[in-house]
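J.: Going by our numbering, the sequence shown opens with residue -6, and the numbers climb by one from there. Yeah, the Cβ is synthetic: ideal placement off N, Cα and C, and Gly gets one too. Starting off with a structure, shown below.
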Amino acid sequence: MIKMIALDLDGTLLNSQKQISPRTVATLHRLQQQGLKIVLCTGRAINAISDYLQQLNLMQAGEFVSTFNGALVRATMQKTPLLQINLAKSTMQPLFTFAQQVKWPVDVLDFEQVYHITDFGASLYQAMNPNLKVVATTATQLPEQHDYSKLVIATEPEQINQAVPRLPEELKAEFNVASSRTNLLEFVPKTVTKANALDVLLAHLGWDRGNLMAFGDQANDLSMIAAANVGVAMANAIPAVKAVAGQTTLTNDQDGVAVFLDDYFQLN
């Protein structure tokens, strides 16, 4: 029996205007009233999604969220995490070297704010996430003894696509590399996936993957789509996501999440 619905944000729950449609909000509220657990699973920081959590009535006791592509799982009303996987500055040093070689801009996130690394040039990340606090610093001045969540490359798609094939094997072995949009590349520790994060939350609630339904569209959603009892790919999903999903639905601009849920749970 499905008890938890895990939802990616960009390209899945959100339409092209970065909004949750009224129909989708209504459907999710009905399912919440029936006792289903709605969990947002995103690469974003929690303070970048507070409006969506409020809109879905998830800012209350007993509700949970997975952020930073699965590096952090916590109750929405508590700071203490169920799961937090940290990234050390020393681990990122080879990434700094590669980014300099291919002229990628670099931003590093901890679990509260963004550090824009000024050595590497202008980044699109602040424009993508205007609600996040940004601190400008050099790579040398970036604090050493500190817990980070991920390193991101936010630049034009061509600049990302030209350099990705040149990623050294040591970096592929050290990091999970995922993209949630064409102009964003994210590096997280190898143990960080959305599926692993959901496993922790499911266990906390006394459930397992048999109780999980998940929706997604991009490479960072692959693990949870494959892990879920019911994995659903959006029509706008990349081919790899469609290949592992047992189900597909309409696009994020056609209320794909709501259409599938209305049919699956016979809400109409």
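1) Using three-state DSSP, classify Gln155 as helix, strand or coil.
2) Could you spell out where the alpha helix (DSSP H) holding Pro50 opens and where it closes?
3) In chain order, which continuous runs of the beta strand (DSSP E) of length 3 or greater are located wholly inside the stretch 50 to 115?
4) Hey, out of Gln25, Leu24, Tyr257, Ser173, whose CA is closest to Arg37's CA?
5) Does DSSP put Leu29 in a helix, in a strand, or in coil?
6) Suppose the cutoff is 6 Å on Cβ atoms and the five residues either side in sequence are ignored; what does the same chain contact list for Ala230 look like?
7) According to DSSP, simplified to helix, strand and coil, what is Glu163?
8) Over the uninterrupted alpha helix (DSSP H) stretch that includes Val252, give me the two end residues.
9) Compute the minimum distance between the beta carbon of Gly36 and the heavy atoms of the ligand COA, and state whether it is under 6 Å.
10) Between Leu215 and Ala228, how many whole angstroms is the CB-CB distance? I'm expecting something under 8 Å.
11) Determine the burial state of Glu179: buried for a count of at least 16 other Cβ atoms within 10 Å of its Cβ, exposed for fewer.
12) From Phe168 to Val223, what does the alpha carbon distance come to, in whole angstroms?
13) Can you tell me whether Lys143 is buried or exposed, with buried defined as 16 or more other CB within 10 angstroms of its CB?
14) Check for me: the alpha helix (DSSP H) holding Pro232 runs from which residue to which?
15) Extract the residue ranges of the beta strand (DSSP E) inside the stretch 127 to 212, only unbroken runs of 3 or more that lie entirely within it.
16) Mapping the DSSP letters down to three states, classify Ala221 as helix, strand or coil.
17) Which class does Ile39 belong to by DSSP, given the choice of helix, strand or coil?
18) If I'm right that Arg202 touches Ala221 with Cβ under 8 Å, what's the distance once you round it to whole angstroms?
19) If you draw a straight line from the C-alpha of Ala219 to the C-alpha of Met206, how long is it?
20) Contact between the stretch 15 to 25 and the stretch 179 to 192: three or more CB pairs below 8 Å?
21) Three Cβ pairs or more, each shorter than 8 Å: is that satisfied between the stretch 119 to 139 and the stretch 35 to 49?
22) Which whole-angstrom value is the C-beta distance of Leu0 and Val250, which I expect to be below 8 Å?
23) Among residues of its own chain, excluding the 5 on either side of Asp112, which ones have a beta-carbon nearer than 6 Å to its beta-carbon?
24) For Ala120, report the span of its alpha helix (DSSP H) as first-last.
25) Rounded to the nearest angstrom, how far is the Cβ of Thr35 from that of Leu51, given a contact under 8 Å?
26) Below 7 Å between beta carbons: does that hold for Ala115 and Pro98?
27) Kindly identify the DSSP beta-bridge partner or partners of Met(-3).
28) Determine, using beta-carbon pairs with one atom in the stretch 59 to 76 and one in the stretch 184 to 195, whether at least three such pairs fall under 8 Å.
T.: Put simply:
1) Residue state, collapsed to three classes: helix.
2) It is Asn, not Pro, that sits at residue 50 in the sequence shown. No residue range can be given for Asn50, since it is assigned to no alpha helix (DSSP H) and is classified by DSSP as neither H nor E.
3) Complete beta strand (DSSP E) runs here, min 3: 57 to 60, 65 to 68, 74 to 77, 99 to 102, 107 to 110.
4) Cα-wise, what sits closest to Arg37 is Ser173.
5) For Leu29, the secondary structure class from DSSP, reduced to helix, strand or coil, is coil.
6) Result list for Ala230: Asp210, in chain order.
7) Three-state DSSP puts Glu163 in a helix.
8) From DSSP, the alpha helix (DSSP H) with Val252 extends over 249 to 257.
9) As for the ligand COA, it is missing from this structure, which has no ligand bound.
10) So it is not a contact: roughly 17 Å between Cβ atoms.
11) Using a 10 angstroms sphere on the CB of Glu179, the tally of other CB atoms reaches 16 or more, which defines it as buried.
12) One C-alpha to the other measures close to 27 Å.
13) The residue in question, Lys143, is buried, as its Cβ has 16 or more Cβ neighbours within 10 Å.
14) Where Pro232 is concerned, the enclosing alpha helix (DSSP H) stretches over 232 to 237.
15) Counting only runs of 3 or more, we get 127 to 130, 143 to 147, 168 to 174, 177 to 182, 205 to 209.
16) It is coil, neither helix nor strand.
17) Correct three-state label for Ile39: helix.
18) Arg202 to Ala221, Cβ: 7 Å. Contact.
19) Rounded to whole angstroms, Ala219 to Met206 spans 10 Å at the Cα level.
20) The stretch 15 to 25 is not in contact with the stretch 179 to 192.
21) A contact exists between the stretch 119 to 139 and the stretch 35 to 49.
22) About 7 Å; that satisfies the 8 Å criterion.
23) So the list reads Thr131, Ala132, once near-sequence residues are dropped.
24) For Ala120, the uninterrupted alpha helix (DSSP H) run begins and ends at 118 to 121, by DSSP.
25) No, Thr35 and Leu51 are not in contact; Cβ-Cβ is about 12 Å, not under 8 Å.
26) Closer than 7 Å, so yes.
27) According to DSSP, Met(-3) bridges with Lys30, Leu205.
28) These segments touch.
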